[in-house]
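Engineer: Each residue of the sequence shown is one higher than the one before, counting from -4 in the working numbering.
Input: one structure, supplied below.
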Amino acid sequence: MFTSKIKIYFFDCDPAGIIFFASLFKYSHLVYEDFMNSLKTERDYFKDSEYLLPIINAEATYIKPIKVADELTVNMSVTQLKDSSFELTYSFYKDNAILAKAKTVHVCVNKEKFEKTSIPEELNNHLIFHKNL
(Lines of atoms letter the chains of each structure in order from A and count residues from 1; the text may use other names and numbers.)
(Lines give C-alpha, C1' and ligand atoms only; values in the text may rest on other atoms or scores of the structure.)
Protein backbone atom coordinates (compact mmCIF):
# COMPACT_ATOMS: atom_id res chain seq x y z
CA MET A 1 0.00 0.00 0.00
CA PHE A 2 1.14 3.54 -0.79
CA THR A 3 -0.18 6.45 1.28
CA SER A 4 -0.45 10.13 0.44
CA LYS A 5 -2.06 13.19 2.04
CA ILE A 6 -4.21 15.66 0.12
CA LYS A 7 -6.24 18.78 0.85
CA ILE A 8 -9.46 19.63 -0.98
CA TYR A 9 -9.63 23.10 -2.52
CA PHE A 10 -12.71 25.13 -3.42
CA PHE A 11 -11.94 25.15 -7.16
CA ASP A 12 -12.46 21.38 -7.13
CA CYS A 13 -15.91 21.66 -5.57
CA ASP A 14 -19.41 22.56 -6.65
CA PRO A 15 -21.17 25.70 -5.31
CA ALA A 16 -22.32 23.71 -2.24
CA GLY A 17 -18.69 23.05 -1.29
CA ILE A 18 -18.83 19.32 -2.12
CA ILE A 19 -16.15 17.84 -4.35
CA PHE A 20 -17.10 17.86 -8.04
CA PHE A 21 -17.31 14.21 -9.12
CA ALA A 22 -14.50 14.41 -11.68
CA SER A 23 -12.11 16.01 -9.18
CA LEU A 24 -11.77 12.67 -7.40
CA PHE A 25 -9.95 11.40 -10.49
CA LYS A 26 -7.63 14.41 -10.42
CA TYR A 27 -6.68 13.65 -6.82
CA SER A 28 -6.32 9.95 -7.64
CA HIS A 29 -3.93 10.87 -10.42
CA LEU A 30 -1.92 13.10 -8.07
CA VAL A 31 -1.45 10.10 -5.76
CA TYR A 32 -0.54 7.94 -8.77
CA GLU A 33 2.11 10.50 -9.76
CA ASP A 34 3.53 10.48 -6.21
CA PHE A 35 3.60 6.68 -6.35
CA MET A 36 5.38 6.63 -9.72
CA ASN A 37 7.85 9.28 -8.53
CA SER A 38 8.65 7.12 -5.49
CA LEU A 39 10.08 4.52 -7.89
CA LYS A 40 13.81 4.98 -7.50
CA THR A 41 14.96 4.72 -11.10
CA GLU A 42 16.51 6.79 -13.86
CA ARG A 43 13.42 6.16 -16.02
CA ASP A 44 10.69 8.79 -15.87
CA TYR A 45 7.54 6.99 -16.98
CA PHE A 46 5.76 10.29 -17.64
CA LYS A 47 8.37 11.36 -20.19
CA ASP A 48 9.60 7.95 -21.29
CA SER A 49 10.58 7.41 -24.91
CA GLU A 50 9.92 3.67 -24.84
CA TYR A 51 6.77 3.08 -22.76
CA LEU A 52 3.37 4.65 -22.15
CA LEU A 53 0.99 3.74 -19.31
CA PRO A 54 -2.43 5.00 -20.44
CA ILE A 55 -5.52 4.56 -18.29
CA ILE A 56 -8.00 2.29 -20.05
CA ASN A 57 -10.68 2.22 -17.35
CA ALA A 58 -11.64 4.42 -14.39
CA GLU A 59 -14.45 4.27 -11.86
CA ALA A 60 -15.38 5.89 -8.58
CA THR A 61 -17.73 5.29 -5.67
CA TYR A 62 -18.75 8.18 -3.42
CA ILE A 63 -19.66 7.08 0.11
CA LYS A 64 -19.77 10.32 2.15
CA PRO A 65 -19.40 13.97 1.11
CA ILE A 66 -15.89 15.28 0.57
CA LYS A 67 -15.88 18.98 1.40
CA VAL A 68 -13.78 22.09 0.93
CA ALA A 69 -10.70 22.13 3.20
CA ASP A 70 -10.98 18.43 4.07
CA GLU A 71 -7.57 16.95 4.69
CA LEU A 72 -7.60 13.37 3.53
CA THR A 73 -5.41 10.32 3.64
CA VAL A 74 -5.40 8.35 0.41
CA ASN A 75 -4.33 4.73 0.49
CA MET A 76 -3.47 3.37 -2.93
CA SER A 77 -3.08 -0.36 -3.51
CA VAL A 78 -2.23 -2.46 -6.51
CA THR A 79 -5.31 -4.69 -6.66
CA GLN A 80 -4.55 -6.51 -9.89
CA LEU A 81 -1.28 -7.12 -11.70
CA LYS A 82 -0.94 -8.83 -15.07
CA ASP A 83 1.87 -9.10 -17.59
CA SER A 84 1.01 -5.83 -19.36
CA SER A 85 -1.59 -4.13 -17.14
CA PHE A 86 -2.32 -3.20 -13.54
CA GLU A 87 -5.26 -1.95 -11.49
CA LEU A 88 -4.88 0.63 -8.74
CA THR A 89 -7.48 1.23 -6.03
CA TYR A 90 -7.55 4.51 -4.12
CA SER A 91 -9.35 4.78 -0.77
CA PHE A 92 -10.02 8.31 0.53
CA TYR A 93 -10.23 8.65 4.33
CA LYS A 94 -10.92 11.43 6.81
CA ASP A 95 -10.57 10.65 10.52
CA ASN A 96 -10.47 6.90 9.72
CA ALA A 97 -13.84 7.08 7.92
CA ILE A 98 -13.87 6.11 4.26
CA LEU A 99 -15.38 8.81 2.04
CA ALA A 100 -14.76 7.50 -1.47
CA LYS A 101 -12.98 4.90 -3.58
CA ALA A 102 -11.59 5.11 -7.09
CA LYS A 103 -10.02 2.57 -9.44
CA THR A 104 -7.87 2.99 -12.50
CA VAL A 105 -6.60 0.34 -14.90
CA HIS A 106 -3.37 1.07 -16.76
CA VAL A 107 -1.87 -0.81 -19.68
CA CYS A 108 1.78 -0.77 -20.69
CA VAL A 109 2.29 -0.04 -24.37
CA ASN A 110 5.29 0.37 -26.61
CA LYS A 111 5.36 4.07 -27.49
CA GLU A 112 6.62 3.61 -31.04
CA LYS A 113 4.20 0.85 -32.11
CA PHE A 114 1.43 1.68 -29.62
CA GLU A 115 1.06 -2.04 -28.91
CA LYS A 116 0.63 -3.75 -25.56
CA THR A 117 3.91 -4.91 -24.02
CA SER A 118 5.14 -6.42 -20.74
CA ILE A 119 5.56 -4.10 -17.79
CA PRO A 120 9.28 -3.32 -17.31
CA GLU A 121 10.85 -5.35 -14.50
CA GLU A 122 11.69 -2.39 -12.25
CA LEU A 123 8.11 -1.09 -12.42
CA ASN A 124 6.67 -4.58 -12.00
CA ASN A 125 8.74 -5.04 -8.82
CA HIS A 126 7.49 -1.67 -7.49
CA LEU A 127 3.90 -2.73 -8.19
CA ILE A 128 4.42 -6.12 -6.50
CA PHE A 129 5.81 -4.36 -3.41
CA HIS A 130 2.60 -2.29 -3.12
CA LYS A 131 0.22 -5.10 -4.06
CA ASN A 132 -2.76 -5.59 -1.77
CA LEU A 133 -2.35 -9.09 -0.36
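For every residue, glycine included, the Cβ atom is placed at its ideal position computed from N, Cα and C.
Could you check whether Val69 and Tyr40 sit closer than 8 angstroms to each other, using their CB atoms as the reference points?
Structural biologist: Walking along the sequence shown from the start, residue 40 turns up at place 45. Walking along the sequence shown from the start, residue 69 turns up at place 74. Going by C-beta atoms, Tyr40 is not nearer than 8 angstroms to Val69.
Engineer: Terminal residues of the continuous alpha helix (DSSP H) containing Leu48?
Structural biologist: Position 53 of the sequence shown, counted from the first residue, corresponds to residue 48. Segment: none, Leu48 is in no alpha helix (DSSP H) and carries neither H nor E.
Engineer: Is it right to say Ile51 is buried, meaning 16 or more other beta carbons lie within 10 angstroms of its own, or is it exposed?
Structural biologist: For this step, residue 51 is matched to residue 56 along the sequence shown. Ile51 should be labelled exposed.
Engineer: Check Asn119 in the structure and name its three-state DSSP category.
Structural biologist: Residue mapping note: residue 119 aligns to position 124 of the sequence shown, counting from 1. In the structure shown, Asn119 sits in a helix (DSSP, three-state: H, G or I).
Engineer: Going by the beta-carbon positions, is the gap between Phe87 and Ile114 smaller than 8 angstroms?
Structural biologist: The residue given as residue 87 occupies position 92 in the sequence shown. The residue given as residue 114 occupies position 119 in the sequence shown. Result no, Cβ atoms of Phe87 and Ile114 do not sit closer than 8 angstroms.
Engineer: With a CB to CB cut of under 8 angstroms and the five nearest residues on each side skipped, what residues in its chain are close to Lys106?
Structural biologist: Counted from its first residue, the sequence shown places residue 106 at position 111. These residues qualify, in order along the chain: Asp43, Ser44, Glu45, Tyr46 and Leu47.
Engineer: Taking the alpha carbon of Lys35 as the point to measure from, which residue in Ile14, Leu118, Lys126 and Ser72 has its own alpha carbon closest?
Structural biologist: Reading the sequence shown from its first residue, position 40 is the one you call residue 35. Selected option, being the one with the closest Cα: Leu118.
Engineer: Nearest by alpha-carbon distance to Cys103: which of Leu94, Leu122 and Lys96 is it?
Structural biologist: In the sequence shown, counting from the first residue as 1, residue 103 sits at position 108. Cys103 has its Cα closest to that of Leu122, out of Leu94, Leu122 and Lys96.
Engineer: Considering only residues of the segment 12 to 60, which uninterrupted beta strand (DSSP E) runs meet the minimum length of 3 residues and lie entirely inside it, listed in chain order?
Structural biologist: Taking only runs of at least 3 residues, the beta strand (DSSP E) segments lying wholly in the segment 12 to 60 are 50 to 57.
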